[in-house]
Amino acid sequence: MADTQVGNIVNEILRVETVEEAFSCFLVHKPEQENERLAMYQKKLSNVLTSTSAEVQDSAIRQYLTLTAVLTNRYKMKQLLTLLENLVNTNILQARMLCDCILTSERLTYQNADFWIECFNLIRRVIGGVDYKGVREIMKGCRDRALSLPVRLNSSIMPQMKALHNVIEYIFDRNASLLPAYFIVTEIQKDYPDNFTHWQLAKLLTTFVESFKPCTQMVSIIGHSQMLPVVEFSGYADHLVNPWRLDPATLKLCLKGNLPYDEELLKPQIALLKHVLQQPYSRDMMCSMLGLQKQHKQRCIALEDQLVELMILPMERSEQEDDEDEMSSTHWCWLHLSSQVIYLILIGFASFPNIVMGLHSKLIGHDLKKGRDHLMWVLLQYISGSIQRNALSTFLPIIKLHELLYPEKEPLPVPDYTKAHSSHQMAVVCIWMHLLKKAESEHKTMVMPQNLKVQYEFLQHLMTSNTTPTLLGTDYRIALLCNAYSTNQEYYARPMGIIIESLFGNQKALPNGNPTAPLPTVPLSMCILDSLTLHCKMSLIHSIVSHVAKLAQNKTNIPGSNVMAPALVETYSRLLVYTEIESMGIKGFINQLLPNVFKSHAWGILHNLLDMFSYRIHHIQPHYRVTLLSNIHSLAAYPQANQTQLQLCFESTALRLITSLGSSGVQLQMSRVVSEPKSLVSSESEELNRVLVLTLARGIYMTGAGSDGAAVKELLTTIMTNTPHMWSQHTLQCFPPVLVEFFAQNPAPKENKQLLKKSVEEEYRKWTSMANDNDIISHFSVPGTPLFLCLLWKMIFETNRINPIAFKILERIGARALSAHLRKFCDYLVFEVTNPAGGPHINKCVDAINDIIWKYNIVTIDRLVLCLVLRPNPDGNESQVCLYIIQLLLLKGSELRNRAQDFVKENSPEHWKQNNWYDKHLALHRKYPEKFAPEESNGAYGAPIPVYLSNVCLRFIPVLDIVVHRHLEIPQVCKNLEQLLEHLGYLYKFHGISHFPNTDWRFNEYPNPSAHCLYVTCVEIMSLPIAPNIVGNSILDVITVGFIVIPSDKLQLWINAIGIIMAALPEAYWVVLYDRILELISTPELVEWTSEYTPFQLFALNTNYDAMVENKYSFLLALAHAF
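Quick note: the sequence shown uses this note's numbering, first residue 606, plus one each step.
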């Protein structure tokens, strides 16, 4: 209806009388009458359109435009379009609707020149009444119409282009405020990422996009595409990963907004992902970078492609190897790759068939015979462990890869099974044996390829032979059988049984109750374990865990019936380093095995398992460490565990757990602290809680974690509730402000040393005056008066002996409660040594302490020194006295030094390369037997627990760390530290010194070479006898001054390295960067800006460097970005 009415109105407007047409050349038109006439028609249009719906209006306007478009009289056309403009101005029509109708009109073609020009002029006049969302759509419509214009424009088409150009130019005009400029540039970047629409608009669009270059420069990191991170072992907080986040589909950096970033930043960051994937222990960072979550099994095709590329690289390098080499130069690379591939496929981030087909397509046309066996070994790891749970069709692509890599018609020879790489050379036949077994279970027919027949027959003969291969030396036949038959239960039990027996021994007892043979002491070598497939390792670790749990439940009194074999302990610890079996490995160890052993009260097994954790396993994620720490705190409070050796084990393990928690690990656990602070805090041990505070201080300094204070205060409050304590002033000076503030607000009661001395003297008088043994025992074993160690020391000091009654009192006090006595003793000792009696008095004091440690075995040296070094001494002189006592204890007597010298001389920190660690360990303990109870106690303390891995030297290393820390806090005693390290520093050999090229990172203190390099670099920098601000400025000068000697293509790598080092150092070193920035922006050049260049030009590193322009500004900004 409205369409008809509008059509009639248009026809009325256009209608011309016959007389008018005949005398058109003689008529004089009166503008007033014409305007009145148009006003009348506008009123009619208004009446028609006012009461109609939007849909009807839309249809009517389209009808109106169709009738207008066919006019040849441009004057009439302008009149009709002016009426539409007036309807918009009077709010009868919506400007957005009119513009949409025009842009979607079929009549809007550049051939209809007048209509095109007038329509775009109309849009230009009414677009101001459109909201920003509508303007965005109009802009898109204009760009689409531009595409209809021919590429070659002649003069007749230029007016149409000009009209369109004017509209877009008006939209782009920031002063017009039609559409936020950011929305415009976003649309341009999104719709035309590579090229613009019509070339006539290119300059307009390019100029607009270029206007965002300064903004882009402000939000971009200089050299971002060339930066590489140092991969740490533990997880990452979001703010640390954000600069490295990649889109999992494209591997492009997750940049903010569709801004005109540099081309390098918009490319897939393949080098970055490869760098991370190649680093050991990089799983957490890789998942964080790509935003992959274990619970969501999301396949990442880009990750698959890079895995394929990474597997081909070592294959190509293998071609340059000598066949005679015992170990491939790519050995560590293949070990790492197999772990990565297994993890990514099992977790669902990659697809096995796709990886195999990707390898096939990449390897076509390449003859890589030396690397093919290694590749098949990696694929065998996954196949052997998963073929029983998946359909055969999943693994059939491997057949095509086999045909490509093994084109030989003649049978492949049997490799030398005395060489470790024989397991790789036999990997392909093992794969086929698993495929044949799977085909048999699915009732399908498959035939072993002709070129594998000889190797297949060798394995079959070896399995049926009556001769039993050995596991000693370099015989890998058992490993080959396990790999080949791990999915065939009929045959698998035999080779795996041989391995198990070599670890467990023969546990059958003779009629007289003695075991038939001594427990095995030789563990499986890492070469043998590396030669076993994932499936075999999982089977082996399952058998070990089951056996240990069974031993723990064994309550018989047969000697050796509930003791783990040394070979089992060492092998189990070596298996736990394989990250691909984490769920059955370290996770099962902490969450299942340890709790079960504890429930069974198998203290000997528990002790050795904790020792294994302390001295054999180097890389454990922070949440596992915290879980174990929480378990240990609960174990220590258990009444049945109140035994000196066990309590020492708990404390030593907890000490290592806390001190080995990396700075990033502290940061990650802060969120957990708020919900469950007791998991980290000991309810009784002040020493462990003090070490936790020190670790927290380190974490805050190195990462800035806890600067908000909430989680930190929650943790500190729990610590002070359980074990109220104070700190020496020299230590407080080194704490971060949040810790200093807390301890200032929560002071602990100060020990009155004079009162303590009087109490000890009073107790000693009572001891000498009391005659009845029962009275003595009942009086001195009363809880709440922890002065008995002070009394024993006084007794030795005065009489050079201890009354036997004292040992009964010690039994009543118990190992756990003795800690409180030890703290009082340390406080009393410091006060006593400050006695002005001189050297002989001090020497006698130390001799009495040594008797308590070495003669009477009441307290161990590591426990005493730990307590002594952590005691608070408000007086600076007392702190020096405390460290002096420690120096005399460690150096005056020869007991610890002799043990340390012999231990370091006879043992190697590379325990994973040894098969006789237990023999050397036993020899040391025979020469220097460790006793954890006085000999006069007659076994009341419980039988000593046999240990396989620990000794006083290893236990003392983390204590020595803390002693070194305290020396560094007091400059006056630095010389003493040098003397101390001269005599005991060789113990640090067992911190794991690494030689990068051939390092087995599974057993190293650091996860990979770059992390180790970063750590040792920071240690060397911090050990320089120069003020931190001077050192920090010198590090920055490596770039700002030394850039002239750095190759131009390496400059960004150097900046990256400086940024990483500065970020890893404490604040005192990197604060100079802030100072330099402040100094720079305060210079007259930047304050008044006299330069001929803009700020954005001066701070653009690449441009300045290439043009050799003043670059102090851009260098400093680049360093700040790298930091």
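Ideal placement from N, C-alpha and C gives every residue a C-beta, glycine not left out.
Quick caveat: nothing in here was measured; it's all calculated off a predicted structure.
Between which two residues does the alpha helix (DSSP H) harbouring residue i extend?
i: LYS795; result: 786–796
i: ILE992; result: ILE992 -> no alpha helix (DSSP H), and no H or E assigned at all.
i: GLY1647; result: No alpha helix (DSSP H) contains GLY1647, which DSSP labels as neither H nor E.
i: TYR1718; result: 1717–1727
i: GLY1389; result: Per DSSP, GLY1389 belongs to no alpha helix (DSSP H) and is neither H nor E.
i: THR1688; result: Neither: THR1688 is in no alpha helix (DSSP H) and is coded neither H nor E.
i: SER1178; result: 1171–1180
i: ASN959; result: 957–968
i: GLN1506; result: 1500–1511
i: GLY828; result: Here GLY828 belongs to no alpha helix (DSSP H), and DSSP marks it neither H nor E.
i: PHE813; result: 804–815
i: LEU1320; result: 1315–1327
i: LYS1594; result: Unbroken run through LYS1594: none, as it is neither H nor E.
With distance defined between alpha-carbon atoms, name the residue in the options nearest to residue i.
i: PHE1701; options: LEU1685, VAL1692, TYR1718, THR1688; result: TYR1718
i: LEU752; options: TYR737, ILE728, GLU723, THR802; result: THR802
i: HIS1588; options: ASP1507, TYR948, LYS681, ASN759; result: ASP1507
i: LEU1134; options: LEU1124, SER760, GLN1158, ILE1186; result: ILE1186
i: GLN1338; options: LYS1371, PRO1329, PHE1348; result: PHE1348
i: LEU1619; options: ALA1669, LYS1449, VAL1646; result: ALA1669
i: PRO1227; options: PRO1409, GLY739, LYS1192; result: LYS1192
i: ASN717; options: LEU670, ARG729, LYS745, LYS738; result: LEU670
i: GLU1515; options: GLY734, TYR1593, VAL1557, GLU1483; result: TYR1593
i: HIS1140; options: LYS1058, SER1287, SER989; result: SER989
i: ILE743; options: SER761, ILE773, ILE947; result: ILE773
i: VAL1365; options: GLY1304, VAL1345, LEU1392; result: LEU1392
i: LEU1180; options: PRO1200, GLY953, ALA1154, LEU1108; result: LEU1108
i: ALA1170; options: ILE1105, GLN662, GLN986; result: ILE1105
i: GLU1672; options: THR1708, ALA1632, VAL675, PHE1255; result: ALA1632
i: LEU1253; options: VAL836, LEU703, PHE1537; result: PHE1537
What separation, rounded to the nearest whole angstrom, lies between the Cα atoms of residue i and residue j?
i: HIS1526; j: GLY1209; result: 17 Å
i: ASP1456; j: ARG1468; result: 15 Å
i: LEU851; j: SER830; result: 11 Å
i: LEU1198; j: GLU909; result: 35 Å
i: GLU1500; j: ILE1458; result: 10 Å
i: TYR1553; j: VAL1150; result: 18 Å
i: HIS941; j: LEU1496; result: 45 Å
i: THR1264; j: LYS1204; result: 28 Å
i: VAL1174; j: THR1326; result: 39 Å
i: ALA1545; j: HIS1384; result: Bear in mind that a pLDDT of 47 at ALA1545, under 50, signals an unreliable position, so the model cannot answer this.
i: SER686; j: PHE725; result: The identity of residue 686 in the sequence shown is Leu, whereas the question assumes Ser. Going by the C-alpha atoms only, they are around 11 Å apart.
i: GLN765; j: ASP719; result: 8 Å
i: LYS683; j: GLU711; result: 19 Å
i: LEU1475; j: ALA876; result: 47 Å
i: THR1138; j: LEU984; result: 10 Å
i: ILE1401; j: VAL1317; result: 44 Å
i: PRO1602; j: ALA854; result: Below a pLDDT of 50, predicted positions are generally treated as unreliable, and PRO1602, at 49, falls in that range; no measurement from the model is reported.
i: ALA781; j: LEU964; result: 57 Å
i: SER923; j: PRO885; result: 20 Å
i: CYS1558; j: SER1239; result: 26 Å
i: LEU1724; j: TYR866; result: 20 Å
i: LYS1043; j: LEU860; result: 48 Å
i: PRO573; j: LEU1641; result: Since the first and last residues shown for the chain are 606 and 1728, residue 573 lies out of range.
i: GLY1597; j: LEU1251; result: No answer about GLY1597 holds up, because its pLDDT of 48 lies below 50 and its placement is not dependable.
i: VAL1676; j: ASN1634; result: 8 Å
i: SER1639; j: SER1615; result: 22 Å
Provide the residue(s) that pair with residue i in DSSP beta bridges, ordered along the chain.
i: LEU858; result: LEU851
Checklist entry - Whole alpha helix (DSSP H) runs in the region 1184–1257 with 4 or more residues, listed along the chain? => result As far as the region 1184–1257 is concerned, its whole alpha helix (DSSP H) runs of at least 4 residues are 1199–1204, 1208–1220, 1227–1241.
Checklist entry - Quick one: complete alpha helix (DSSP H) runs, 4+ long, within the region 705–744? => result Runs of the alpha helix (DSSP H) lying entirely within the region 705–744 and spanning at least 4 residues, in chain order: 718–731.
Item to check | Whole runs of the alpha helix (DSSP H) within the region 862–896, excluding any shorter than 4 residues | outcome: Taken in chain order, the complete alpha helix (DSSP H) segments of 4 or more residues contained in the region 862–896 are 868–871, 875–883, 888–895.
Item to check | Complete alpha helix (DSSP H) runs within the region 1006–1049 (minimum length 4 residues, chain order) | outcome: For the region 1006–1049, whole alpha helix (DSSP H) runs of length 4 or above, ordered along the chain, are 1027–1030, 1032–1046.
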